[in-house]
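Have a look at the structure below, then the notes.
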Amino acid sequence: MKLKINRRLVFRIFAVILAFSCVFSSMLFSAPVASADQELEDLQNQYDDLQKKIEKNQKELAEVQGDISDTKTKINALNSEISSINSQISILDSRIGILNSKINTIEANIQQTNADIEEIEANIEDVEASISETQALMQDTREQLMGRIRENYMSGEASTLEMLLSSDDLSTYFTRKELMTRVSESDAQLIRELEIKIAALNTLEESLEKDKKELQEKNEQLETQKVDLEESKDDENASRREQQTKKNAVSSKQYEAQVLLNDLDKESAEYKATIKRQRAEQEQLSKQIDAYIKEHGSSTGDTPDAAYENDGNMAWPVKFQSYVSCAYGRYSDGSPHWGMDICAVGGNTRGRPFNAAQGGKVILAVNDGGWNYGFGNYCVIDHGDGKQTLYAHSDGLQVYVGQIVKKGQQIGIIGATGNVTGPHLHFEVRIKNADGSVSRVNPANYVRNTTA
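Written as structure tokens, this is what we have:
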């Protein structure tokens, strides 16, 4: 019986330690959530400030007329507005990232709370079983004790003198004396056991009450966490919708700026500022793609997946007669050009198909028709040996992320989305080196125009 009580004591100590650890872990989880809320508030303030700037630019644009001086004013206002909207898009990116992290933290909290609830419910079940067991043992001990009391009452307590006078000899007397002593000790032991069981029962009942209270608190905490989770998910979805709205606005403004560029002197400050901004945006996206390849792409020396059917030799990405309108190196304005622009001989480039230069897996595919920092609709294919190919300005991709494509398979149609002066396929080759760095290399070292 003593062993059973000690086991219960150990269990209760363990439960206290577990409860402390749960409180400590909930403190660890709650800190990032509070920090995230502050970051979200700061980002919202930045976003609102940019919105005021955008509205000011829009007011200026509404006042502009149609002569050349007004065109310069308008394109300057457009450039400012586009930069502000792009900043808002970046803020929304950060906001979505913070919300994703917050959602993950809340989901971890919910998982921990559910585990705590299961632990408490199991503990309650165990304590209730112990209470039932203790009550049964108490009842048994009480019945034994009541039986002894009835026996003593019915037989009467024999005094030492009565035992001596009724004994035939001293031997009989001492035997009776020993028996009476043992019976007395047995009664005392029954009483002591009953007292221990009563104390144990009181402890268990106190423990049960505490556990039930803690269970109620955990359930309330769980409901609060679920509400917070749904609010955060709604916030994330709203941020994604707002971001898409902003991307659509940028696309509209960018195309509007492109039209205005045609009316500007290429040597004017406004023209150069616009081109500089557009090139900077495209470089920003190129860096993001490099970072994505660095994290998700294969490296030089990796063996391509057999499903890619990678034969080691890239093919020209179009099957119609074509030429390179802008080679790898630099644009006419001197800014870097990391790929080659391919057009159809004789015109009619738009709407023609383009194909995968080599078998591989699509790791990026953006097909929303937006500006997308000048690339429009674009995709990236990982060929499994550290080589990645990029295809931009499509009027419509026919692939999705995770899809396995074969060499020569059609993956889209050539278009004029993003920053273009005319329809063409922008084609790049990037290498993820063994050290993890990404190089943008000349595609002419990997593909040869077989259509010329």
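With the first letter of the sequence shown counted as 1, position 215 gets the number 220 in our numbering; the numbers rise by one all the way through. All C-beta atoms in this analysis are idealised placements derived from N, C-alpha and C, irrespective of residue type, glycine included.
- Taking 8 Å as the cut-off, the Cβ atoms of TYR396 and PHE359 count as close.
- A distance below 8 Å separates the beta carbons of GLN403 and GLY417.
- For LYS202, same chain residues with a beta-carbon under 7 Å away, outside a window of 5 residues either side, are THR139, LEU142, MET143, THR146 in chain order.
- The C-alpha of SER442 lies about 22 Å from the C-alpha of PHE380.
- Residue range 274–301 is occupied by the alpha helix (DSSP H) that includes TYR297.
- With contacts defined by Cβ atoms closer than 8 Å, ARG355 and GLY423 do not form a contacting pair.
- With fewer than 16 neighbouring CB atoms inside 10 Å of its own CB, PRO341 falls in the exposed class.
- Going by beta carbons, ASN62 and GLU86 fall inside the 8 Å limit.
- If you draw a straight line from the Cα of GLU433 to the Cα of THR229, it is about 50 Å long.
- Going by C-alpha positions, LYS64 is about 14 Å away from LEU55.
- In the DSSP assignment, GLN415 falls within the unbroken beta strand (DSSP E) covering 415–419.
- Around the Cβ of GLN287, a 10 Å sphere holds 16 or more other Cβ atoms; the residue is buried.
- Taking each of GLN194, ILE115, ARG282 in turn and checking the Cα distance to GLN149, the smallest one comes out for GLN194.
- If you draw a straight line from the Cα of GLU235 to the Cα of ASP390, it is about 42 Å long.
- Judged by beta-carbon spacing, ILE108 lies within the 8 Å limit of GLU241, meaning their Cβ atoms are closer than that value.
- In the three-state DSSP reduction, THR394 falls in the strand class (E or B).
- Rounded to whole angstroms, the Cβ separation of ILE136 and LEU220 is 16 Å, and the two are not in contact under 8 Å.
- VAL371: member of the beta strand (DSSP E) spanning 365–371, first to last residue.
- Residue burial is scored here from C-beta neighbours: GLN393 has at least 16 other C-beta atoms within 10 angstroms and is therefore classed as buried.
- The beta carbon of LYS258 is closer than 8 Å to those of LEU83, GLU86, ILE87, ILE90 in its chain, skipping five residues each way along the sequence.
- Selection GLY375, VAL446, VAL255, SER273 evaluated against GLY401 yields GLY375 as nearest (Cα-Cα).
- Counting along the chain, PHE432 sits inside the beta strand (DSSP E) bounded by residues 430–437.
- A check of alpha carbon separations from ASN318 across ILE125, ALA361, ILE347, GLY344 identifies ALA361 as the nearest.
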